[in-house]
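Have a look at the structure below, then the notes.
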Amino acid sequence: GRDWSELDRYTVQYLPDHLGGAEKYDELTALLLDFNYLRAKLELTDINDLLDDFDYLPDSDRREPVRLVEQALNLSRTVLIDDKSQLAGHLVGRLRRFDAPEIKVLGAQADGWRGGAWIRPCQPTLSSPDGPLLMSILLNSNLTEVAINRDGTRLIAGGEEVTKVWDLRTQEELMRLKG
Numbered sequence: 470g471r472d473w474s475e476l477d478r479y480t481v482q483y484l485p486d487h488l489g490g491a492e493k494y495d496e497l498t499a500l501l502l503d504f505n506y507l508r509a510k511l512e513l514t515d516i517n518d519l520l521d522d523f524d525y526l527p528d529s530d531r532r533e534p535v536r537l538v539e540q541a542l543n544l545s546r547t548v549l550i551d552d553k554s555q556l557a558g559h560l561v562g563r564l565r566r567f568d569a570p571e572i573k574v575l576g577a578q579a580d581g582w583r584g585g586a587w588i589r590p591c592q593p594t595l596s597s598p599d600g601p602l603l604m605s606i607l608l609n610s611n612l613t614e615v616a617i618n619r620d621g622t623r624l625i626a627g628g629e630e631v632t633k634v635w636d637l638r639t640q641e642e643l644m645r646l647k648g
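Just so you know, our numbering puts 578 at position 109 of the sequence shown, and the rest follows in order with no gaps.
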């Protein structure tokens with residue numbers, strides 16, 4: 470893949486929006502399956518901005534490899550929020566079991582990443598993006614009650630001293646009520 474780290478922030482941040490707006494879905498698909506782009510976007514922005522890039526590709530043009538990468542990133546969100554250097558290990562650990570040529574290329578690009586120390590899984594070791602786990606949210610031990618609203622967009626967790634509300638799409642904490 471291309472070396473995206475040398476491009477300016479604007480290009481890396483807004484290229485998916487422009488490709489989607491121009492209906493250049495093949496180019497956008499190639500971009501979303503390029504480890505070097507995923508890494509550059511994550512380094513310049515955050516995991517939520519990176520996941521937003523997948524929304525520029527209509528469902529009708531979203532082939533299985535793209536869905537797998539998007540879901541693998543979503544499953545890794547709680548880790549990548551705090552430690553962007555885990556991207557290669559998480560993609561390899563979640564996608565190694567898939568035989569699609571695009572996934573194999575992405576895996577080879579990730580395997581070749583030498584931007585820092587990382588553990589490279591030789592076997593698929595993390596929850597698969599096509600498995601039953603949809604997401605994970607880190608809760609502290611003081612939160613003992615958990616509920617999800619009817620439309621599945623919010624998670625509410627509470628305990629004796631605090632109640633917290635999360636957006637399940639972004640996994641961001643929206644509100645904290647004390648007392």
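C-beta: ideal position from N, C-alpha, C; glycine also.
Beta-ladder partner(s) of residue i, from DSSP
{"i": "Arg-623", "result": "Asp-636"}
{"i": "Ile-548", "result": "The sequence shown places Val at residue 548, not Ile. Bridge partners of Val-548: none, in fact."}
{"i": "Leu-646", "result": "Thr-632"}
Backbone CA spacing between residue i and residue j [nearest angstrom]
{"i": "Arg-623", "j": "Thr-632", "result": "13 Å"}
{"i": "Gln-555", "j": "Glu-629", "result": "34 Å"}
{"i": "Leu-637", "j": "Gly-584", "result": "31 Å"}
{"i": "Thr-514", "j": "Trp-473", "result": "13 Å"}
{"i": "Arg-619", "j": "Leu-643", "result": "17 Å"}
{"i": "Leu-564", "j": "Val-481", "result": "24 Å"}
{"i": "Pro-598", "j": "Ile-617", "result": "22 Å"}
{"i": "Glu-475", "j": "Asp-528", "result": "31 Å"}
{"i": "Tyr-479", "j": "Glu-533", "result": "28 Å"}
{"i": "Trp-635", "j": "Leu-608", "result": "11 Å"}
{"i": "Arg-508", "j": "Glu-492", "result": "24 Å"}
Close-in-space but distant-in-sequence residues of the same chain around residue i (CB under 6 Å, 5 per side omitted)
{"i": "Glu-614", "result": "Gly-627"}
{"i": "Lys-573", "result": "none"}
{"i": "Glu-539", "result": "Phe-523"}
Endpoints, alpha helix (DSSP H) assigned at residue i
{"i": "Lys-573", "result": "570–580"}
{"i": "Ala-509", "result": "504–513"}
{"i": "Arg-563", "result": "556–564"}
{"i": "Ile-516", "result": "516–521"}
{"i": "Leu-501", "result": "494–501"}
Closest residue to residue i among the options (Cα-Cα distance)
{"i": "Asn-505", "options": "Gly-576, Arg-546, Leu-537 and Leu-602", "result": "Gly-576"}
{"i": "Ile-606", "options": "Val-481, Pro-534 and Thr-547", "result": "Thr-547"}
{"i": "Pro-553", "options": "Gly-562, Ile-516 and Arg-565", "result": "Checking the displayed sequence, the identity of residue 553 turns out to be Lys instead of Pro. Checking every option, the nearest Cα to that of Lys-553 belongs to Ile-516."}
{"i": "Met-604", "options": "Ile-572, Leu-542, Arg-566 and Gly-648", "result": "Leu-542"}
{"i": "Pro-601", "options": "Gly-621, Pro-593, Leu-544 and Asp-477", "result": "Leu-544"}
{"i": "Asp-495", "options": "Glu-512, His-559, Leu-507 and Arg-531", "result": "Arg-531"}
Opening and closing residue of the beta strand (DSSP E) in which residue i lies
{"i": "Glu-475", "result": "Segment: none, Glu-475 is in no beta strand (DSSP E) and carries neither H nor E."}
{"i": "Ala-616", "result": "614–617"}
Chain-order list of residues whose beta-carbon lies under 8 Å from that of residue i (same chain, five-residue window excluded)
{"i": "Asp-580", "result": "Ala-557, Val-561 and Arg-589"}
{"i": "Tyr-525", "result": "Pro-485, Asp-486, Leu-488, Gly-489, Gly-490 and Leu-497"}
{"i": "Asp-518", "result": "Gln-482 and Lys-510"}
{"i": "Gln-578", "result": "Gly-470, Asp-503, Phe-504 and Asn-505"}
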